[in-house]
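This report concerns only the one structure given below.
In the UniProt record's numbering, the protein residues as written are 1 to 192.
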């Protein structure tokens, strides 16, 4: 089984993905963890590294190629990244998008990273604009297009346990033999 969990910063995707991977005994691969490690290795914040990636497209392409290859070659994996659903494409069994209003996500990030709300809000907003621009330029992906996702949740409406419960029920209920509605992932240019 290949599951993907995607969403913007602060949406709860890391928390949810880790718990969902554990519930189904899947290997959890986080694009965000890989990205933050690469940023830290260069002594940069994720926002600074995002801005550097605007000038050096190989940063994104290397990470995205790796996630795409994992989706195509491996099984029993949960991929977590902003583009996981797009990068896994038709290989994914279930694609999930998690979201929450920007102010809620900024509050979560501010608390997690021990910074002022205003700073978290501005950095998150800048980061999202930067990423959306790059995804469209590199791969023809409109990150705001939710049509490829099987499940879309506003995580501000439920507790982490509630979100996990709904997702666990959905994954448990999934039968690939009766699947008539897999959303195709069309128009993406996998130019790594």
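From the three backbone atoms N, C-alpha and C, an ideal C-beta is built for every residue, glycine too. All of these numbers come straight from a predicted model, not from anything done at the bench.
Please go through the same chain and pick out, in chain order, the residues whose beta-carbon is closer than 6 Å to the beta-carbon of residue 92, but skip the five residues on each side of it.
Counted from its first residue, the chain shown places residue 92 at position 92. 2, 4, listed in sequence order.
Could you say which of 180, 189, 173 lies nearest to residue 134 if we only look at CA atoms?
On the chain shown, position 134 is the one that residue 134 refers to. The residue with the shortest Cα to Cα distance from residue 134 is 189.
For residue 180, which of helix, strand or coil comes out of DSSP?
For the purposes of this step, residue 180 is identified with residue 180 of the chain shown, where counting begins at 1. It is coil, neither helix nor strand.
Rounded to whole angstroms, what's the CA-CA distance from residue 120 to residue 32? Just pull it up for me.
What you label residue 120 is simply residue 120 of the chain shown in a count that begins at 1. What you label residue 32 is simply residue 32 of the chain shown in a count that begins at 1. Spanning the two alpha carbons is a distance of roughly 17 Å.
With the cut-off set at 8 Å, would you say residue 67 and residue 79 are in Cβ contact?
Sequence index remark: in the chain shown, residue 67 carries index 67 (1-based). Sequence index remark: in the chain shown, residue 79 carries index 79 (1-based). Taking 8 Å as the cut-off, the Cβ atoms of residue 67 and residue 79 count as close.
Measure the C-alpha to C-alpha separation of residue 228 and residue 60 and round it to an integer number of angstroms.
Lying before the first or after the last residue shown, residue 228 is absent from the chain, which here runs from 1 to 192.
List the DSSP bridge partners of residue 29.
Working through the chain shown from its first residue, we reach residue 29 at position 29. Residue 29 pairs with 79.
Please determine, among 73, 140, 39, 173, the residue with the shortest C-alpha to C-alpha distance to residue 88.
The count along the chain shown starts at 1 and reaches residue 88 at position 88. Selected option, being the one with the closest Cα: 73.
Closest Cα partner of residue 160 within the set 139, 176, 19, 187
By 1-based counting over the chain shown, the position of residue 160 is 160. Considering only alpha carbons, the answer is 19.
State yes or no: is the C-beta of residue 147 within less than 8 Å of the C-beta of residue 183?
Indexing the chain shown from 1 puts residue 147 at position 147. Indexing the chain shown from 1 puts residue 183 at position 183. In this structure, residue 183 lies closer than 8 Å to residue 147 by Cβ.
Among residues of its own chain, excluding the 5 on either side of residue 156, which ones have a beta-carbon nearer than 7 Å to its beta-carbon?
Counting from 1 along the chain shown, the entry for residue 156 is found at position 156. 100, 101, 104, listed in sequence order.
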